[in-house]
Amino acid sequence: MTRQLDSPAVQKVYQHTIRTVIFSQMLGGAGLAAGITVGSLIAAEMLGTEKYAGVPSALFTIGSAGAALLVGRITASSGRRLGLATGFFLGGIGALLIILAIVLTNIWLLFFALIIYGAGTATNLQARYAGTDLALPHKRATAVSMAMVATTFGAVLGPNMVGVMSNIAIFLHIPELAGIFILAAGAFFAAGFILYFFLKPDPYLLARDIAIEAPIEEQGIHNQGLIYLGGFVMVMTQIIMVAIMTMTPLHMQHHQHSVNAIGLVISFHIASMYLPSLITGTLVDKIGTHKMALIAGFVLVLAAMTTMLAPTDSVLLLTLGLSLLGIGWNFGLISGTTAVVDGTNTLERPKVQSRIDVLIAVFGSLAGILSGVIVNYSDYAVLSFIGILLAVFIIIVVFITRKKRLGQNPSQ
């Protein structure tokens, strides 16, 4: 199987796949940034209370859970091209419905629309797997990174377009906060069209054919330990990141920060979620998933400590804290993703990947809901302290599993 993946023809398809995914992710990143930036502000305004401000994040995360299953099933049967394109198209429809809900001031339509919008978020994450389908084993983390780093362009542009898109919304005589979702809809639809028309040959279908034709001993392993570890790291980093990120815009608004300041902090956060991918994949391929997961835990501890101790009027320290939060998430997601890819064989991979992404989405949605409740009954600092405890838990679990693995394989 490795010899076939090494063939010039297959590697040519791999390079084409990476280029196509990179282009689509640049657009997809702009779409996912909209809900992160103003979702909690819209909910607080329409509900008249900050208590349930975490609900939008929870809803589009719930939507991303369902979409992850849908995209995974379509991928397993029909390939990455159709699966990813479908997810992005649904995300675009969701963004349009959010605009309609804001115009009509219909909270129930908003809740439904946020669930559909979540498909774009799920697809943006699922796209990271497309690069690994035809990647050589020692370059899988790098392939994940290349797909993720492309998201940086749109993800950073999105929050900083809040002011511009608000002006466009005013020009169109619709509420200001609806403006950013015009950008989201266009970005998701464009990403879907690019994948549907240009992701050919389909990387997963080609990888599946290679696996079927390969001898049994070359079809790959199924390592439950690596799968569980990768899933655990990704779920925990998602919980910490979503909880703190969701409440930061509201925390800043409560302390009289402008929408532009909020957009700046979130743009740095999202850039930090994806831009480190330039080096993260190479580091994971070089030092291994366990060591990188440990580093992720330590960075998340520093992030939560910074947001906990940051003065309420300090945009600089909040930016630093959210940037560290993004970096820790990046390290955790790429190391966890690589562990899952390494632990699965080609035929089972889409099913396992989609199930893990469902867990990431479900626990992320719970984090979004509970973050609002926690801040309402205590404050932002308490939420950050809980983040510290969860990050320490990641460190402990990864350290123990790494120690057991080294005990079983002293040569590693």
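Residues in the sequence shown are numbered consecutively from 1, following the numbering used here. The C-beta atom is built at its ideal place from N, Cα and C for all residues, glycine as well.
- Rounded to whole angstroms, Ser258 and Met252 show a C-alpha spacing of 8 Å.
- Sorting Ala85, Ile22 and Lys291 by C-alpha distance to the C-alpha of Val397 places Lys291 at the top.
- For the segment 282-318, the full-length alpha helix (DSSP H) segments reaching 4 residues or more read 289-309 along the chain.
- DSSP places Asp6 outside both helix and strand once states are collapsed to three, so it counts as coil.
- A straight-line Cα-Cα distance of about 43 Å links Leu366 and Asp6.
- Cβ neighbours of Phe268 within its own chain (closer than 7 Å, five residues either side excluded): Thr319, Leu322 and Ser323.
- Residue Ile244 holds the alpha-carbon nearest to the alpha-carbon of Gly326 among Asp313, Phe385 and Ile244.
- Secondary structure of Ile174 (DSSP, three-state): coil.
- The beta carbons of Ile98 and Phe181 sit closer together than 8 Å.
- Here Ala147 is buried: its Cβ has 16 or more other Cβ atoms, across all protein chains shown, within 10 Å.
- Counting the other Cβ atoms within 10 Å of the Cβ of Val382 gives fewer than 16, which makes it exposed.
- For Asp379, there is no enclosing alpha helix (DSSP H), as DSSP marks it with neither H nor E.
- A Cβ-Cβ distance of about 5 Å is found for the pair Ser371 and Thr246, placing them in contact under the 8 Å criterion.
- In the DSSP assignment, Met236 falls within the alpha helix (DSSP H) that extends over Gln224 to His254.
- If the five residues before and after Leu96 are omitted, its C-beta is found closer than 6 Å to the C-beta atoms of Ala185, all from its own chain and listed in chain order.
- Within the segment 346-397, the complete alpha helix (DSSP H) segments at least 4 residues long are 349-377, listed from N- to C-terminus.
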